[in-house]
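Peer 1: Just passing along the structure, written as structure tokens.
Residue numbers (the numbering used here): 8 to 337.
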């Protein structure tokens, strides 16, 4: 007999023994208790087989409607626990899981709101340098040239550097700049407008009112222009008088606006702050504007946001940003 044949015989014997043991164990459990090793493994099989089920388990099994399990809610509750423990980075990861993996969860709106506030705190902070750069002013530089070079806006430069006006630049001076490469996603069915950095969710704004000339369809466009109206006149950036966009986040300065052509030189900052500025974002491929909502806009056409949200969105966007209108698949 060869060694290979002997190994095969041993394997066959092992398989037969395992099958036989399994059959005898099943007989011990279901038919009649057997002594020996089976009794040591399960001393009283009748107690195991006839044991009463857990009341809660029995109730859930016999229920007419099985309870829904929301994994997004579970992740959201875990995020709350992590926030309470001060583990904000881990909490943000959990909240992003709810936003990206479980967008239909009942906790998704709250998760988007919390993540949005966290992200905006970082974006508008001068201490968080992620996504920001420092520009050292050189002779011949201008604010408009710097904004164009870094794909940002005058609003953003003014806000990040705490400027009250666009003063003369001094060579060697440092300016904090932030390229604005965000994408706008408009979802009419959810009445929401969200801001994205590639595939990363930034924040979401509720749409207060939406009305278009015709039926909206799936569309991919860009921001064609950004304008403001000052005392019923369209305004453009003025190097001597520039509005600092208001923000709903704590610590941001109030909006200050002056009118070069109509306001006298001695106009105070307090008086200028009372001037109303209406800002609008115009889509390139659609006669539709994103604007701040006011009482007189009832029934007007456009995409209307809360005024503080519009100020923030205006600050974080530039001409050329991608805008997508997405409708639910049928």
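We treat Cβ as the ideally placed atom computed from N, Cα and C, and that holds for glycine.
Quick test of your reading: residue 325 and residue 187, contact by CB under 8 Å. State the CB separation rounded to the nearest angstrom.
Peer 2: For the purposes of this step, residue 325 is taken as residue 318 along the chain shown, with counting starting at 1. For the purposes of this step, residue 187 is taken as residue 180 along the chain shown, with counting starting at 1. Sure, about 5 Å apart at Cβ, within 8 Å.
Peer 1: Using only the alpha-carbon positions, how far apart do residue 313 and residue 213 sit?
Peer 2: Within the chain shown, residue 313 is the residue found at index 306, counting from 1. Within the chain shown, residue 213 is the residue found at index 206, counting from 1. If you take the alpha carbons of residue 313 and residue 213, they lie about 8 Å apart.
Peer 1: For residue 287, which residues of its own chain have a beta-carbon under 6 Å away from its beta-carbon, when the five flanking residues on both sides are left out?
Peer 2: For the purposes of this step, residue 287 is identified with residue 280 of the chain shown, where counting begins at 1. Taken in chain order, the residues that qualify are 234, 296, 298.
Peer 1: Please state if the CB of residue 136 and the CB of residue 163 are separated by a distance shorter than 8 Å.
Peer 2: Sequence index remark: in the chain shown, residue 163 carries index 156 (1-based). Sequence index remark: in the chain shown, residue 136 carries index 129 (1-based). Not a contact, by the Cβ cut-off of 8 Å.
Peer 1: Take every Cβ of the stretch 171-180, pair it with every Cβ of the stretch 139-151, and state whether three or more of those distances are shorter than 8 Å.
Peer 2: yes
Peer 1: Give me, in chain order, the residues of the same chain whose beta-carbon lies closer than 7 Å to that of residue 126; leave out the 5 immediate sequence neighbours on both sides.
Peer 2: The residue labelled residue 126 in the question sits at position 119 within the chain shown. Closer than 7 Å at the Cβ level, and outside the excluded window around residue 126, lie 209, 210.
Peer 1: Tell me which same chain residues have a C-beta within less than 8 Å of the C-beta of residue 190, skipping the five on either side of it?
Peer 2: For the purposes of this step, residue 190 is identified with residue 183 of the chain shown, where counting begins at 1. Taken in chain order, the residues that qualify are 202, 203, 204, 205, 328, 329, 330, 331.
Peer 1: So, using beta-carbon positions, are residue 218 and residue 307 closer together than 8 Å?
Peer 2: By one-based count along the chain shown, residue 218 stands at place 211. By one-based count along the chain shown, residue 307 stands at place 300. For residue 218 and residue 307, yes; Cβs fall inside 8 Å.
Peer 1: CA-CA distance, residue 143 and residue 96?
Peer 2: Position 136 of the chain shown, counted from the first residue, corresponds to residue 143. Position 89 of the chain shown, counted from the first residue, corresponds to residue 96. Answer to the nearest angstrom: the Cα atoms are 32 Å apart.
Peer 1: Going straight from the alpha carbon of residue 221 to that of residue 84, what length do you get?
Peer 2: The sequence position of residue 221 within the chain shown is 214, counting from 1. The sequence position of residue 84 within the chain shown is 77, counting from 1. Residue 221 and residue 84: Cα-Cα distance of roughly 42 Å.
Peer 1: Could you check if residue 13 is buried or exposed, using at least 16 other CB atoms within 10 Å of its CB as the buried criterion?
Peer 2: On the chain shown, position 6 is the one that residue 13 refers to. Exposed is the call here.
Peer 1: Would you mind stating whether residue 90 and residue 82 have Cβ atoms separated by less than 8 Å?
Peer 2: Mapped onto the chain shown, residue 90 falls at position 83. Mapped onto the chain shown, residue 82 falls at position 75. Against a cut-off of 8 Å, the Cβ pair of residue 82 and residue 90 comes out as no contact.
Peer 1: Would you mind working out which of 284, 87, 311, 171 sits nearest residue 236, comparing C-alpha positions?
Peer 2: What you label residue 236 is simply residue 229 of the chain shown in a count that begins at 1. Among 284, 87, 311, 171, the Cα nearest to that of residue 236 belongs to 284.
Peer 1: Could you tell me which whole beta strand (DSSP E) segments of length 3 or greater appear in the stretch 105-155?
Peer 2: 140-143
Peer 1: Cutting at 7 Å between CB atoms, please list the residues of its own chain near residue 154, excluding the five before and the five after it.
Peer 2: Working through the chain shown from its first residue, we reach residue 154 at position 147. Excluding residues within five positions, the ones whose Cβ falls inside 7 Å are 160, 161, 164.
Peer 1: Drop a sphere of 10 angstroms on the beta-carbon of residue 166, count the other beta-carbons inside from all chains shown, and report buried for 16 or more, exposed for fewer.
Peer 2: Residue 166 sits at position 159 when you count from the first residue of the chain shown. The residue in question, residue 166, is buried, as its Cβ has 16 or more Cβ neighbours within 10 Å.
Peer 1: Would DSSP call residue 15 helix, strand or coil?
Peer 2: Counting from one through the chain shown, the residue named residue 15 turns up at place 8. In the structure shown, residue 15 sits in a helix (DSSP, three-state: H, G or I).
Peer 1: What's the gap between the Cα of residue 109 and the Cα of residue 120?
Peer 2: Position 102 of the chain shown, counting from 1, holds the residue named residue 109. Position 113 of the chain shown, counting from 1, holds the residue named residue 120. Distance between the alpha carbons of residue 109 and residue 120: 15 Å.
Peer 1: Are the Cβ atoms of residue 224 and residue 334 separated by less than 8 Å?
Peer 2: Along the chain shown, one-based indexing puts residue 224 at 217. Along the chain shown, one-based indexing puts residue 334 at 327. Yes, they are a contact pair.
Peer 1: If you draw a straight line from the alpha carbon of residue 103 to that of residue 118, how long is it in whole angstroms?
Peer 2: As a position in the chain shown, residue 103 is number 96, starting the count at 1. As a position in the chain shown, residue 118 is number 111, starting the count at 1. Straight-line Cα distance between these residues: approximately 8 Å.
Peer 1: Residues in the same chain with beta-carbon distance under 7 Å from residue 27, minus the five sequence neighbours each way, listed in chain order, please.
Peer 2: Mapped onto the chain shown, residue 27 falls at position 20. Counting only Cβ-Cβ distances below 7 Å, and skipping sequence neighbours, we find nothing.
Peer 1: Nearest-angstrom Cα distance between residue 105 and residue 196?
Peer 2: Along the chain shown, one-based indexing puts residue 105 at 98. Along the chain shown, one-based indexing puts residue 196 at 189. Roughly 20 Å between the two C-alpha positions.
Peer 1: What residues are listed by DSSP as bridge partners for residue 197?
Peer 2: Indexing the chain shown from 1 puts residue 197 at position 190. Answer is none; residue 197 lacks a bridge partner.
Peer 1: Would residue 216 pass as a contact of residue 304 if the rule is Cβ separation under 8 Å?
Peer 2: Here residue 216 refers to the residue found at position 209 when the chain shown is read from its first residue. Here residue 304 refers to the residue found at position 297 when the chain shown is read from its first residue. Yes.
Peer 1: Which of helix, strand or coil does DSSP assign to residue 213?
Peer 2: Position 206 of the chain shown, counting from 1, holds the residue named residue 213. Three-state DSSP puts residue 213 in a strand.
Peer 1: Identify the residues that DSSP records as bridge partners of residue 285: which are they?
Peer 2: Translated into positions along the chain shown, residue 285 becomes position 278. Per DSSP, 236.
Peer 1: Name the two residues that bound the continuous beta strand (DSSP E) containing residue 2.
Peer 2: Residue 2 lies beyond the range of the chain shown here (8 to 337); nothing can be said about it.
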